[in-house]
Amino acid sequence: MAAINKLSDTLLRKIVGKPYVGKAVIADGDGLSVRISKTGVIGWIFRYRLGGRETNPKWASLGRYPETSIKQARAKRDQCREWLDNGEDPVIQLSLVKVKRKEAVTVKEALEYWLVEYATEHRKNVDKTKAQFERHLYPYIGKYPLEKTTKPQWLECFDRIKKGIPNERKGAPVAAGQVLQGAKQALLFCRKREYATSYVIDDLTTTDVGKKQNKRDRVLNEVELQDVIDSVKTSAFKNYYSNLIWLLIVFGARTQEVRLSTWKEWDFEKGLWTVPKANSKTAELIIRPIPKSMYPWLKRLKAKHQKSGYVLGELKNSEAVSAYGGSIWKKLGHEDKWTFHDFRRTLATRLSDIGVAPHIVEHLLGHSISGVAGIYNRSQYIDEKAIALDKWLDVIGLIDSEIELLNTQINN
Numbered sequence: 003m004a005a006i007n008k009l010s011d012t013l014l015r016k017i018v019g020k021p022y023v024g025k026a027v028i029a030d031g032d033g034l035s036v037r038i039s040k041t042g043v044i045g046w047i048f049r050y051r052l053g054g055r056e057t058n059p060k061w062a063s064l065g066r067y068p069e070t071s072i073k074q075a076r077a078k079r080d081q082c083r084e085w086l087d088n089g090e091d092p093v094i095q096l097s098l099v100k101v102k103r104k105e106a107v108t109v110k111e112a113l114e115y116w117l118v119e120y121a122t123e124h125r126k127n128v129d130k131t132k133a134q135f136e137r138h139l140y141p142y143i144g145k146y147p148l149e150k151t152t153k154p155q156w157l158e159c160f161d162r163i164k165k166g167i168p169n170e171r172k173g174a175p176v177a178a179g180q181v182l183q184g185a186k187q188a189l190l191f192c193r194k195r196e197y198a199t200s201y202v203i204d205d206l207t208t209t210d211v212g213k214k215q216n217k218r219d220r221v222l223n224e225v226e227l228q229d230v231i232d233s234v235k236t237s238a239f240k241n242y243y244s245n246l247i248w249l250l251i252v253f254g255a256r257t258q259e260v261r262l263s264t265w266k267e268w269d270f271e272k273g274l275w276t277v278p279k280a281n282s283k284t285a286e287l288i289i290r291p292i293p294k295s296m297y298p299w300l301k302r303l304k305a306k307h308q309k310s311g312y313v314l315g316e317l318k319n320s321e322a323v324s325a326y327g328g329s330i331w332k333k334l335g336h337e338d339k340w341t342f343h344d345f346r347r348t349l350a351t352r353l354s355d356i357g358v359a360p361h362i363v364e365h366l367l368g369h370s371i372s373g374v375a376g377i378y379n380r381s382q383y384i385d386e387k388a389i390a391l392d393k394w395l396d397v398i399g400l401i402d403s404e405i406e407l408l409n410t411q412i413n414n
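Its first residue numbered 3, the sequence shown is counted upward by one per residue in our numbering.
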């Protein structure tokens, strides 16, 4: 007979809220398991079949740890098994329970329900969205029953974000719009799942509470890019950010692709870095060739960070990385603001200037290819991308001696 009650608070407390690289699902027994995200979010799930082994398995969400304790999760598991014995579907029965209590659902409960049940799996920026809710909504209206909240109460929150708080924080109109959009998606999800019902912010738009994020066209000029490269060579930045910047510049990758990257993605025998779908903005594999001149640097980096599993040695949250990246231009005395994302546009512009075909540039950047070409042409253009990256390293003046200089800094 399979063992049950295999999990312990000691184990889960070590995992929750911390970067995690282990098994995604760990069983407790009798159908109960925990599902663990890369950022240490732990959710309880109950796996079952309505018929025999010929039927497809299903799973039901039983809450999140530690809000739902081990004892509570096991009690829910036992209830689910009782429903199964009576021929009832646990998912349906759980939804009926939620419908019965939806009058009492608070704003925080509704938003957390969406974060756990949907955003964790389907939103790339879920950590940022959760942090925004925790900072801007929960302290002010989080405890209010969702269905009793009024539009002025929500608008007060959005205005506080947009205008800021004197002597505490600056106004952030773009963030106000982002919080509105996240909350609207959350409440729509709650309605669809009949968890809670509210239309209070449905007719609000981004421009009603803040402003849309401007599309950027910033490209670093030769002097600015050289300033960044020289700063990396001279260890002007912390090791984590020096390594991040170098990988962003060389590969034209998105910040999250590097930030979340583990050594499992890097195949030095085949010379390929494969970004998994889970880390890709487009939910597609991104395969980039590794320039041979980068091998020594990367292998030394791997030797130093092998234990953590992460290419950068640790997992920093997206907000911290974004904030650091948005401040470097000032430290270097540049006149116009740029961010880490602008390295991608810089690479794309320079490669286009030297005659690299547009579709090769798009593949390097990991963009979705639209139209018929995106459906029928599944080529990865590995050889062409390798040639393009070698040309790019020539453009930025990278030679073997400079790689060796970077190698020495890994050990500092």
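Ideal placement from N, C-alpha and C gives every residue a C-beta, glycine not left out.
Please determine whether the Cβ atom of residue i lies at a distance below 7 Å from any heavy atom of the ligand FAD.
i, result
"residue 224", "The ligand content of the structure shown is nil, which means the ligand FAD is not present either."
Please go through the same chain and pick out, in chain order, the residues whose beta-carbon is closer than 7 Å to the beta-carbon of residue i, but skip the five residues on each side of it.
i, result
"residue 109", "139, 143, 144, 146, 148 and 151"
"residue 208", "179, 182, 183 and 214"
"residue 127", "320"
"residue 444", "For the chain, the structure presents residues 3 to 414; residue 444 sits outside this window and is missing."
Give me, in chain order, the residues of the same chain whose beta-carbon lies closer than 6 Å to that of residue i; leave out the 5 immediate sequence neighbours on both sides.
i, result
"residue 253", "290"
"residue 397", "352"
"residue 262", "281"
"residue 189", "200"
"residue 248", "234"
"residue 64", "46, 48, 75 and 78"
Are residue i and residue j closer than 8 Å when you measure CB to CB?
i, j, result
"residue 179", "residue 282", "no"
"residue 387", "residue 365", "yes"
"residue 135", "residue 157", "no"
"residue 292", "residue 273", "yes"
"residue 42", "residue 18", "yes"
"residue 58", "residue 31", "no"
"residue 259", "residue 230", "no"
"residue 23", "residue 328", "no"
"residue 11", "residue 72", "yes"
"residue 235", "residue 202", "no"
"residue 315", "residue 242", "yes"
"residue 107", "residue 198", "yes"
Using the Cα positions of residue i and residue j, report the straight-line distance between them to the nearest angstrom.
i, j, result
"residue 204", "residue 195", "17 Å"
"residue 318", "residue 61", "31 Å"
"residue 9", "residue 20", "18 Å"
"residue 233", "residue 174", "30 Å"
"residue 399", "residue 237", "18 Å"
"residue 161", "residue 206", "13 Å"
"residue 88", "residue 54", "15 Å"
"residue 176", "residue 164", "8 Å"
"residue 417", "residue 117", "Because the chain in this structure spans residues 3 to 414, residue 417 falls outside the shown range and cannot be described."
"residue 227", "residue 35", "49 Å"
"residue 358", "residue 224", "18 Å"
"residue 374", "residue 170", "Any reading at residue 374 must be qualified, since the residue scores a pLDDT of 39, below 50, and its modelled position is unreliable; no value is offered."
"residue 29", "residue 90", "23 Å"
"residue 342", "residue 98", "47 Å"
"residue 96", "residue 337", "57 Å"
"residue 2", "residue 159", "Here the chain covers residues 3 to 414 and nothing more, so residue 2 does not appear."
"residue 356", "residue 384", "19 Å"
"residue 193", "residue 350", "42 Å"
"residue 131", "residue 115", "13 Å"
"residue 288", "residue 275", "8 Å"
"residue 346", "residue 389", "17 Å"
"residue 16", "residue 394", "43 Å"
Given residue i, which residues of its chain have a CB within under 8 Å of its CB, disregarding the five upstream and five downstream residues?
i, result
"residue 33", "48, 49, 50, 79, 82 and 83"
"residue 27", "35, 36, 37, 38 and 47"
"residue 354", "360 and 363"
"residue 300", "268, 270 and 292"
"residue 70", "46, 64 and 78"
"residue 172", "166"
Which residue from the options puts its Cα closest to that of residue i?
i, options, result
"residue 325", "222, 211 and 257", "257"
"residue 66", "94, 37 and 92", "37"
"residue 313", "264, 53 and 320", "264"
"residue 129", "39, 225, 383 and 329", "39"
"residue 286", "348, 310, 339 and 382", "382"
"residue 331", "395, 344 and 322", "344"
"residue 297", "271, 91, 320 and 310", "271"
"residue 348", "243, 333 and 255", "255"
"residue 392", "240, 77, 186 and 295", "295"
"residue 167", "187, 192 and 137", "137"
"residue 191", "245, 121 and 240", "121"
"residue 13", "193, 63, 210 and 68", "68"
"residue 123", "279, 333, 56 and 240", "279"
"residue 86", "52, 346, 111 and 212", "52"
"residue 322", "16, 119, 246 and 115", "246"
"residue 239", "284, 187 and 333", "333"
* Would you call the stretch 218-233 and the stretch 298-305 in contact, with 3 or more CB pairs under 8 Å? -> No, the stretch 218-233 does not touch the stretch 298-305.
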